[in-house]
Amino acid sequence: MTVSPIAVATEFVRAIGRQDVDALAELMTVDHRFIDSLGNMAEGREKMRAGWTDYFRMVPDYALAIEETYTEGPVVLLLGMAQGTYSSDGTLKTENRWHTPVAIRAFVKDGKLIEWRVYADNEPIRKLMSKT
Numbered sequence: 022m023t024v025s026p027i028a029v030a031t032e033f034v035r036a037i038g039r040q041d042v043d044a045l046a047e048l049m050t051v052d053h054r055f056i057d058s059l060g061n062m063a064e065g066r067e068k069m070r071a072g073w074t075d076y077f078r079m080v081p082d083y084a085l086a087i088e089e090t091y092t093e094g095p096v097v098l099l100l101g102m103a104q105g106t107y108s109s110d111g112t113l114k115t116e117n118r119w120h121t122p123v124a125i126r127a128f129v130k131d132g133k134l135i136e137w138r139v140y141a142d143n144e145p146i147r148k149l150m151s152k153t
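Quick note: our numbering has the sequence shown finishing at residue 153, numbered continuously throughout.
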């Protein structure tokens, strides 16, 4: 049974909302690429497993609220909001809550994410990080 690209991308968003690193890794190809909004790239499922683990320590309630989804073949475009609470010590403080518009380009191959590219303004979380 073939899994549609939109189903794979949607399940990845759900796994992010649960902070489920194992589910995220299961949805990635071995040579998965993550590209952030500054163009920085991390390659490899295991490297991204560690990257997501670290990110969820820093933003324990990170979530995506997807409002629109478009698909063309193996590419899925997700539009919405990224949000969470920055934490340097595991404590979730209201004053460290942030949100920003986000666009994500997901490229799916054989039912797995080969690429997850994020376009977002990271300034809200950068400001919070600079305070600590």
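We put the beta carbon where it would ideally sit given N, CA and C, even for glycine.
Opening and closing residue of the beta strand (DSSP E) in which residue i lies
i	result
Leu85	Ala84 to Glu93
Lys133	Lys133 to Ala141
Pro26	Taken as a continuous stretch (DSSP letters only), Pro26 belongs to no beta strand (DSSP E), being part of the alpha helix (DSSP H) at Pro26 to Arg39.
Lys130	Arg118 to Lys130
Pair within 8 Å by beta-carbon distance, residue i and residue j
i	j	result
Ser58	Asn117	no
Arg138	Ile87	no
His53	Arg66	yes
Asp82	Gly105	yes
Leu48	Leu134	yes
Arg70	Val42	yes
Gly94	Thr23	no
Trp73	Leu113	no
Best match in the options for proximity to residue i [C-alpha to C-alpha]
i	options	result
Ser151	Met62, Val51, Arg39 and Tyr107	Tyr107
Ser25	Thr112, Tyr140 and Val96	Val96
Tyr91	Phe128, Gln40 and Thr112	Phe128
Arg39	Arg147, Lys114 and Arg78	Arg78
Residue i: first and last residue of the uninterrupted alpha helix (DSSP H) it sits in
i	result
Gly101	First-last for Gly101: Val96 to Thr106, but that is the beta strand (DSSP E), not the alpha helix (DSSP H).
Lys152	Glu144 to Lys152
Glu67	Arg66 to Met79
Asp43	Val42 to Glu47
Inset, instruction - Decide if the segment 91-103 is in contact with the segment 119-132; the criterion is three or more beta carbon pairs, one per stretch, under 8 Å apart. - result: The segment 91-103 is in contact with the segment 119-132.
Inset, instruction - Tell me, please, whether the segment 22-29 touches the segment 70-88 by the rule of three or more beta-carbon pairs shorter than 8 Å. - result: Three or more beta-carbon pairs separated by less than 8 Å are not found between the segment 22-29 and the segment 70-88, which leaves the two stretches without contact.
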